[in-house]
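Sequential numbering of the sequence shown, starting at 545, is according to the working numbering. Glycine is no exception: its CB is placed at the ideal position from the N, C-alpha and C atoms. Nothing here was measured: the structure is a model prediction, and the numbers come from that model. Below is one structure, written out as structure tokens; the observations come after it.
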Amino acid sequence: MAVASALSASATPDACPRASSRNGPARSSRSIPSSSISPPARPSSTSPPTIRSPNGPSPASPAGLKASLPASFAMLTDPGVRHAYNEAFVAAEVRKIQPFFDSFFDQQREACIRLEDNNLLVASAGSGKSATRVCKVANVLERQLYRPDEILLLAFNKSAADELKTRIARQLHRGKRAGVPRHDVSPLGRGIIKEVEGRPPQLAEVPHI
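Okay, structure coming up:
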């Protein structure tokens, strides 16, 4: 993946690198989340009994199947292999993009790269949480790892949601066409309740004490 542009020395905290190739955004490798590897299905109570071979695991048994797989299938059979791969991938990506993340801490760079099923970012006010979110979204969009309609950004009010939209669009140089759905929490929740219940939620009538 060739990096087309670097951040200037006066980069703002919400700036992040833009990766591209000569033929458009590159589709590079990425970390592998847990959901990408489904656990083997457990036999149900109605499954026929397994015939055990006196000469070792049957080739049709889980142990036999695992033993018959080539070493390259360790990514599927050994969680430790996936973890080691992801750690090495993140470390390599952090080193690769470090010159373009001069305004970010190591933890912010790592948060922009990791694409686990669940990621929790905890930091104090003004430390760059929103900047990290902007960079993470811009990065996955630029590399075409996700489509805009697969991403939902939530903020605590409308102005904060609009600010996220503006910063992502600016980062991607798309004007106002970033296309990422963003909402503040209350209207989103109200809309979901209205769609499911057929009417907007009503305030509860609780007697004052």
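Pairwise C-alpha distance: residue j and residue i
i	j	result
D706	T621	44 angstroms
T682	L716	The residue you asked about is not Thr; residue 682 is Ala in the sequence shown. The alpha-carbon atoms of A682 and L716 are separated by roughly 6 angstroms.
E686	Q651	21 angstroms
P623	V750	51 angstroms
Q642	E654	10 angstroms
R734	K640	43 angstroms
V625	V684	24 angstroms
C679	C656	6 angstroms
S572	D728	Interpretation of S572 is limited by its pLDDT of 44, a score under 50 that renders its predicted location unreliable; no figure is taken from the coordinates.
E694	Q688	11 angstroms
P731	Y690	25 angstroms
V634	S575	7 angstroms
F617	P577	16 angstroms
V638	L747	48 angstroms
R743	L697	24 angstroms
K738	P745	7 angstroms
V666	K673	8 angstroms
S703	I712	14 angstroms
P692	L664	21 angstroms
S647	M619	35 angstroms
A675	V740	34 angstroms
N- and C-terminal bounds of the beta strand (DSSP E) containing residue i
i	result
A699	L697 to A699
Where the alpha helix (DSSP H) containing residue i begins and where it ends
i	result
P731	V729 to E741
R653	D650 to I657
D706	K702 to Q715
E686	K673 to E686
A618	A618 to T621
Any 3 or more C-beta pairs closer than 8 angstroms across the stretch 653 to 670 and the stretch 626 to 638: Cβ pair count under 8 angstroms is three or more, so yes.
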